[in-house]
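As structure tokens, the structure follows; a few thoughts come after it.
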């Protein structure tokens, strides 16, 4: 179950990234927004899914990591000098945006999770069986 939830979180984050980049926004802003949503969902749903929120966040942000951009930037700096340093800087900025977005999502999600838990605790609980009470004899 955990693998399915982690995969679903990663798919959701990447779908958010694609939607935001489809609106002609930068990859840095899209990565930050996707990280924020992943952090928020992971924090609020961790109690429900009985998983640590950090595990959900880590699985969710993996599809957003700019691996190819980082590789191309490093390869360009090594082979051609500093002409490809822009790709390297872009990859680092995307990684920082992902981390900042996920951290901010966790920060926002904690009070929301507490509110959900308080609300759930106020609702009447269904009892599985009635407590045994001895019958009184006349």
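Numbering (my numbering), first residue to last: 6 to 143. Beta carbons are placed, not taken as given, at the ideal position from N, Cα and C, and that holds for glycine.
Simplified DSSP assignment, three categories, for residue i
i	result
residue 75	helix
residue 80	helix
residue 54	helix
residue 30	coil
residue 119	helix
residue 68	helix
residue 131	coil
residue 18	helix
residue 114	helix
residue 86	coil
residue 6	coil
Straight-line gap, residue i to residue j (C-alpha atoms, nearest Å)
i	j	result
residue 28	residue 21	11 Å
residue 6	residue 83	43 Å
residue 127	residue 45	23 Å
residue 119	residue 78	43 Å
residue 74	residue 96	6 Å
residue 3	residue 71	Outside the modelled stretch of the chain, which goes from 6 to 143, sits residue 3, for which no answer is possible.
residue 24	residue 12	18 Å
residue 1	residue 18	Nothing can be reported for residue 1: it is not among the residues displayed for the chain, which extend from 6 to 143.
residue 62	residue 81	31 Å
residue 52	residue 34	29 Å
Neighbour-count burial assignment, residue i, 16 or more Cβ in a 10 Å radius
i	result
residue 49	buried
residue 9	exposed
residue 39	buried
residue 94	exposed
residue 92	buried
residue 106	buried
residue 69	buried
residue 122	exposed
Distance between beta carbons of residue j and residue i, contact taken as under 8 Å
i	j	result
residue 15	residue 67	6 Å
residue 36	residue 99	5 Å
residue 58	residue 47	4 Å
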